[in-house]
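Numbering follows UniProt numbering, in which position 123 of the sequence shown is assigned residue number 123; successive positions increment by one, without gaps.
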Amino acid sequence: MNKWLELLKSDDYLGIKKYIKSGADLQETNEAGESVLACALRAGCSMETLMMLIESGADIFDFDDEGVSIFDMAITYDNIHMVSYLIEQGIDVNKTTRKSGFTALMAAACYGRVEIAKMLLEQGADQHAKDSKGFTAIDFARKMNKKSVLELLDYDPNAPKNTNYAR
């Protein structure tokens with residue numbers, strides 16, 4: 001995985017292309033179970049590089065040992081183009097593979113990804129879905145003080161706060 005990480009860190013498109021042609025394993029994972037594609041998202045690789053990885057066989061439906069999916073990673077790292085691409089490829093915006101039940105909209109709310117939150121809501125994301133502790137996207141946006149996301153949601157500033165957040 002070290003060779004992958006070195007190439008991805010510098011977003012070396014030609015180096016990555018050459019590495020793939022030499023037979024590099026696109027299914028290789030790091031210690032956390034993150035795939036090459038997930039590591040590319042974390043490294044901030046260009047959409048051109050991400051698409052080359054996908055076209056070469058990287059799995060867009062992959063997730064790590066904690067259930068964090070490629071879709072989750074795209075949201076976390078604010079890659080709106082990848083989020084859009086994954087939705088076009090049929091990703092269910094309400095499905096989560098995370099053990100905690102943390103949804104895509106919760107991630108967008110937590111990180112203040114306004115444009116991604118809009119896109120998810122337009123695609124039918126359930127803003128009232130609850131994670132395993134009973135928290136919604138509204139709870140996460142409120143806890144993280146993401147007012148611009150709260151404005152998109154059915155937020156009632158007079159509603160009692162859910163203060164049982166994980167610490």
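Think of the CB as a built atom: it goes at the ideal place given N, C-alpha and C, for glycine as much as any other residue.
- Task: Starting from Ser-100, follow its DSSP beta bridges and name the residues at the other end.
- Result: Ser-100 pairs with nothing; no bridge assigned.
- State the DSSP-derived secondary structure class of Ser-10, mapped to helix, strand or coil. coil
- Message: Could you tell me the alpha carbon to alpha carbon distance between Val-149 and Lys-21, rounded to whole angstroms?
- Response: 43 Å
- Taking Val-114 as part of the alpha helix (DSSP H), name the residues at either end of that continuous run. 114–122
- Query: Can we count Tyr-155 as close to the ligand PLP, meaning its CB is less than 7 Å from some heavy atom?
  - Reply: The ligand PLP is not part of the structure shown, which contains no ligands of any sort.
- Between the Cα of Asn-2 and the Cα atoms of Thr-29, Asp-126, Cys-110, which residue gives the shortest distance? Thr-29
- Query: Taking the Cβ atom as the reference point for each residue, do Leu-50 and Val-36 lie within a distance shorter than 8 Å?
  - Reply: no
- Query: How many angstroms separate the CA atom of Cys-79 from the CA atom of Ile-60?
  - Reply: In the sequence as displayed, the identity of residue 79 is Asn instead of Cys. For Asn-79 and Ile-60, the distance between alpha carbons rounds to 14 Å.
- Item | N-terminal and C-terminal residue of the alpha helix (DSSP H) that Glu-55 is part of | 47–55
- Between the beta-carbon of Ala-43 and the beta-carbon of Met-73, is there less than 8 Å? no
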